Each structure stands twice: as structure tokens, then as C-alpha cells.
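Visitor: The structure's right below; bear with me while I get my questions together.
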Amino acid sequence: MPSTLPIYNEKSWKAEILDPSKEEGQIRFSTLKSSGVISSEIDTLESQVAELAITRDPTLKQDPSGLATAISQVIGNKDWDTFGRWVVFSWNKCAVRLLPPDDFAELRTNRNRDRITIQEQSTLSNKTVGIVGMSVGQSTAITIAMERSAGTIKLADFDELELSNLNRIRAGIHELGMPKCVIAARTIAEVDPYLNIEIYPDGVKEENVGDFMTGCDVVVDACDGLSAKAMIRIEALEKRIPIVMDTSDRGMLDIERYDLTQIEDGFLHGRIDASTMHSLRDRVNWDMETLDLFIDFQSASERGQMSLAQMGTVLVGWPQLHSDVASGGAFAAETCRRLMLGENLPDTRLYLELDEQLTVKN
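Anchor point for the sequence shown: position 332 equals 332 in my numbering, and the numbering is continuous, going up by one each time.
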């Protein structure tokens, strides 16, 4: 076989899409089956086609007498045996038969309407989101993928999954030791293999930050690394890219509009001046003064302030709950979508704090 074909290993993350109407697709499918890469096949294409036909004409749900005709219109003049695509997931040795790309996207996003209009969905399909850090970032990435709020998603994280991550990261114990960005990429591929995913398993570094940021319409800062936080903001200002940062404490959400006219008052809503931000680009370790610049101790929750005082002595890392990560990821994903649709969102810091709403005031 040509050398350009994928070489599968335990860290493969990209689904392989085969077109059975083409000879090379048929040959490749047979090769993967005989080699053991495919050990099971899932074919629900008939029900997918029927569902697509019904979404195009909802009256068929009450009166299915015209369903056969509607199904034939979906298929057109194509041969049923070679209609659609086979999608191969090497990591679970499974092949799934799906609708062709456009039909798949139409059906999978049907229930978005009209929370996201057809025109908005089309606009978003040409957008690119970069996400740095795969805790809150993983939740954001999966939400964006599920809503199809972007056509390309870039994932960056140098870290591997550890057992203590499983209180907040959507993953299984069989994935311990796996790169976090590979886990996220696989999850997205299993939801929508037609999305374009790029991974940066070494994280964002000096040598790749320019490549990572190039082409992004918005970047999500969900990382812990100080130098990475500085680098993406310096690049964002240079390339005019907005940044969204979610911090799980008190539902803190930053919208940093570096895509607007030249920011005169520094970075992060004027909290950090240019010279300080450039000096942080080479810093590895946090100190309390720098941490305060990013999160503002006085505005942290009572438990957040208590945790900060115990970092490095009692606590090995910043406490996070999955409920915080899930809600924060959702807030960040919606903010990204609205930015990419051109909404005039402010350059600001918000506190979307549920605890405040649930607490009974005496």
C-alpha cells in the first residue's frame, strides 16, 4: 500500500473515511478488515437516510406513506451498496457506515435549528477554534464539536491523563497515560468524523505558537502554564484574535477582544501591561503576585481563597469539579460561537456564579 496511508498505533486519533463508491475505498476497506484493524461493522445507514428524509419533510412522521419516495430522493441515482461512507476508528477496531459529509452535517445539526440558524451553521463551518489545555478545554472542545460551531478545532496540551484527572475530565480508566489531546480528538471524531481536528501534543511552545494561532478565529485559554498564557496573548494581539478564558472559581469568564482596535491599556482588560506580559513569556513558575494579576484574589470565592493559601503544601493543584468544568466549557463554547458569528461582545470579565443564585440570603 502507498506510504501515505495511516500507520495505526495506540495513540492514533484520526478516523479514516473511506468512500465505497471508489475502487481505492473498497480496496482499503478490505485491507483493514483482513489486517484486523476492523473487527466490527455498524451499519445504520438505512435509518439515517429515513431520518434525514423526515427532517426535510416533518409531515412524514405522522403520515409515512410518502417516506419511500422521500428516501429515494435522498439517495438519488447512487447505488445503495456504495452510498455514504465507511468511517474507521482504529482505536476500537470499528467501522461505522454514515451518510455522506453534507447529508451527515445537515442531519446531525437539525436539532440546532433555530437556536443556530442554517445560515449561521454555514458560517460556523468555515471557522477555526484553538483550545489550549484539556480540562475545561476538553469540555469546550466537545461542546463546540457537538453543536458543530466550528469546522476546524485545534487542540493543544502536553499532559497525559492521570487518575486524579477523572473527577473532571471526560475519559475512562482505560485511557490512563494517554495524551489528553488525543483523548479529546478521539471523542470528537466519534461524534463527528468529518470535522477537521489538529492536535498539538507538545502543548503551545515558542516554536509552535505562531502555527497554532494562525488561522484561528478565536482561542480558548484553558491552560495552567504561565508562559503559554503569555505567548497566546502576545500572538493574539499581533494577529487580532479574541481570547476566551474560563476559570472554574465563581464561573469567571474573560472575553479578551484583541481582534478590535489596538488595545491601549495592556492585556487582560488592562490588568497586565505589555512589558510585564512579554516578561512572562519565558517564565515557568507562578508566584502569588502574578497569579493575582490573572485571577484577582479579592474576587475569588471563599473556598477559592482558602485553596490558594494551601497550594503546594496541602494541595498539589487547583481544585476543580466536573460540574464547574462542564458549565465553564459550555459558557466558553457559547462565547466562542457568538464571537465567530460577529456579535459585538464586550472586552470584559464576567462572573456567571450559580452558587450566588442558590444561596439563601438572610
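Ideal Cβ placement from N, Cα and C applies to all residues, glycine included.
Just so we're clear, the structure is a prediction, and the values are computed from it rather than from any experiment.
#1: Write down every uninterrupted run of the beta strand (DSSP E) in the segment 133-157 whose length is 3 residues or greater and which is fully enclosed by it, in chain order.
#2: Nearest to T128 by alpha carbon, out of M178, L195, L98 and D159?
#3: Could you check whether I232 and D221 sit closer than 8 Å to each other, using their CB atoms as the reference points?
#4: For Q62 and P101, what's the separation of their Cα atoms in angstroms?
#5: DSSP state of E289, grouped into three classes?
#6: Out of K229, Q298, I142 and D273, which one is the CA nearest neighbour of A184?
#7: Please say whether L321 and R168 have beta carbons closer to each other than 8 Å?
#8: Quick check on I17: does DSSP put it in helix, strand or coil?
#9: When the distance is taken between beta carbons, is R250 closer than 8 Å to S301?
#10: Is the beta carbon of K239 less than 8 Å from the beta carbon of M277?
#11: In terms of residues, what are the limits of the alpha helix (DSSP H) holding I27?
#12: If you follow the alpha helix (DSSP H) that D324 is part of, which residue opens it and which one closes it?
#13: I241 and V218 - do their beta-carbons sit closer together than 8 Å?
#14: Do D347 and I243 have their C-beta atoms within less than 8 Å of each other?
#15: For R56 and G328, I'd like the C-alpha separation in whole angstroms.
#16: Give me the Cα-Cα distance between A70 and M340, rounded to the nearest whole angstrom.
#17: Note down the Cα distance separating L98 from G304, rounded to an integer number of angstroms.
#18: Between E207 and I188, what straight-line distance do the alpha-carbon atoms span, to the nearest angstrom?
#19: State the start and end residues of the unbroken beta strand (DSSP E) segment that holds I38.
#20: Which of the three DSSP states, helix, strand or coil, is assigned to T187?
#21: Consult DSSP for I255 and reduce its assignment to one of helix, strand or coil.
#22: Hey, would you say L124 sits closer than 8 Å to A145, going by beta carbons?
#23: Among E343, E334, W13 and M311, which residue has its Cα nearest to the Cα of R148?
#24: If you measure between the beta carbons of K229 and Y200, is that distance less than 8 Å?
#25: State the beta-bridge partners of W91 as determined by DSSP.
#26: Please say whether K180 and D211 have beta carbons closer to each other than 8 Å?
Guide: In brief:
#1: 152-156
#2: L195
#3: yes
#4: 28 Å
#5: helix
#6: I142
#7: yes
#8: strand
#9: yes
#10: no
#11: E23 to S34
#12: H322 to M340
#13: yes
#14: no
#15: 34 Å
#16: 35 Å
#17: 46 Å
#18: 26 Å
#19: Where I38 is concerned, there is no enclosing beta strand (DSSP E), given that its DSSP letter is neither H nor E.
#20: helix
#21: strand
#22: no
#23: E334
#24: no
#25: W91 pairs with nothing; no bridge assigned.
#26: no
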